Structure formats: structure tokens, C-alpha cells
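My numbering numbers the first residue of the sequence shown as 68 and each following residue consecutively. Ideal Cβ positions, reconstructed from N, Cα and C, are used throughout, including at glycine. Predicted model, so just to flag it, every value in this text is computed and none were measured. So the structure is just underneath, and the comments pick up after that.
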Amino acid sequence: MSESGFRPTGPAELRGNAHDGAQGKTPGTGARTLEDGSLDFASLEPREQLRTLLATTVVGRPFSELYGVTLDHRSASVMGHVLLDTLEDAGYSVDDFDAVGALTAASVPLVSAVIQAAASRGENLDGFVMDFVFPSIKGPSIKGKRVILLDAWLSEKSYVQTSSLVTLRNGNELSLDFSIVEHEGASVVAVASLVGGVGQGADEHEITVISPVDGTRHEVPFIQVFHEDELKA
């Protein structure tokens, strides 16, 4: 990773070099300190900007759809890059998948951000949204594609979403997502989320998915940009 926080392939205007020679930079963070002792948000590296906004939203809440962050102009310009960098650090480069899918309405902004971040790096990714009214997807065809499913906050508390009748009858909704993706002729490479609460703070875990059709179980990699515990601390 470059000193600025983005991969060298990221857009030049977002690389954060404007403050490299600034006075009052806080060691180790790339941030400047203002006269009142607070940190200058604009001089924080992208991941730290995102962490700051998320921490404000996560503290004191058991769960949030995070719209206050994902639709904020400050995070919208960086979160796609941070997600791509996190996936790459976990071993998944853009060459390893062809599309990203929104597991929930709350993760649609993430899908858009990742598509645009990839495009700025000269890479082509498609996006799609899960449709539970008529089990399918919305967006370009994913037939024959490798996909990564995205969510805003995927934790033990949100893992079972009881708003779906299929969930109530057959188990967790994530299993339904996988069945839909497979029915569309695609394969799931991994699940990723901006905030995670599965496991204890590691960057990558595995989630057990149970087929609602035949009951078979398999493990799928789970990558989280931030674990909820580190944001609540």
C-alpha cells in the first residue's frame, strides 16, 4: 500500500498527497492536528476517515444499516477503494472476481462505490442486487461469473434476517442468497462487509451456508473491513 492509503492504481486526485509536507502531521496517522488539538479529518488516510465515520455511527448501537456513513460524501469517495484494498489484502484481487452483489438494500451504495473504484483503476466489475420478491437478481447477467457478495454490517445479530418468509421457514437468508446466485449460473467467491461481527476481530473468517434445497453445508470466506469491536472500543 502506498503512503497515501490507496493502491498506486487508485485515482491520482484521491491519493492524499496534498498533505504529505504539511506541518503538524500526527506521526503514524498521516493526519494534521488543528489549533484546538483535534485531528484534521481531510488529512486522515482513507481507511482512517472511514473508521472515524463508522465509529460515530456504531457506538451505542447493536446494529445499523450504516446509511449515515455509506451515503455521506466523505466516505462515498473512499469506501470503494478501501473495500478493494481489504479484499486484495485477504487474497482476492480484482482478477479473482467479475461482479459484486448487494445482499441488502443497505449495501447497494457499497456496490456502486466498488464498481466506480475499480473503474478508476482500469478494471471492469459489474454489480447486482438480490431480489427476494421474485427470487433472482437485478442487474447485468451473472451467468458464468465469479461474485463477491457485499453487506454494510454483517454480524451475529444481523446474520438471520427474520423479515423474509423464506428465512423463517428455511434458516438464514444468506443461504437463500447463495441458492439464487447458483441458480443464476454464478459462483460465490466470498462474502465481504464494511463492518463485521462474525468471530473475534480477525480480517477473514468463514461462514457456514446451508442449502435450503438439499440441506448441504459449505464454508465460505468472510472478509470484513472493520470488526465491530474495534469500532466500539
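Counting along the chain, no alpha helix (DSSP H) covers Ala169; the unbroken beta strand (DSSP E) around it starts and ends at Ala166 to Ala169. Under the 10 Å beta carbon count, Phe201 is surrounded by fewer than 16 other beta carbons and is classified as exposed. For Ser254, the three-state secondary structure derived from DSSP is strand.
Under DSSP, Arg213 forms a beta bridge with Ser254. Between the alpha carbons of Leu241 and Leu217 lies a distance of about 11 angstroms.
Cβ neighbours of Gly263 within its own chain (closer than 6 angstroms, five residues either side excluded): Leu221, Gln291 and His294. Here the region 157 to 167 does not lie against the region 116 to 124, with fewer than 3 beta-carbon pairs under 8 angstroms apart. The three-state reading of DSSP puts Glu249 in helix, counting H, G and I together. In the three-state scheme derived from DSSP, where H, G and I count as helix and E and B as strand, Asp152 is classed as helix.
Between Gly194 and Val214, the alpha-carbon positions lie close to 9 angstroms from each other. In terms of Cα proximity to Leu151, the closest of Phe130, Ser208, Tyr134 and Val258 is Val258. The distance from the Cβ of Gly168 to that of Ile204 is about 7 angstroms, consistent with a contact at the 8 angstroms cut-off.
Beta-bridge partners assigned by DSSP to Gln291: Ser260. Taking C-beta atoms as the reference points, Val265 and Val255 fail to come closer than 8 angstroms.
Inter-residue distance for Ser160 and Leu192 is about 12 angstroms (C-alpha atoms, whole angstroms). Here Glu297 is not near Glu286, since their CB atoms are 8 angstroms or more apart.
With contacts defined by Cβ atoms closer than 8 angstroms, Ala184 and Gly135 do not form a contacting pair.
The Cβ atoms of Ala180 and Ala157 do not sit closer than 8 angstroms to each other.
DSSP places Arg118 within a helical segment (H, G or I) once states are collapsed to three.
Here DSSP, grouped into helix, strand and coil, assigns Asp244 to helix.
Under the three-state reduction of DSSP output, Phe195 falls in the strand class.
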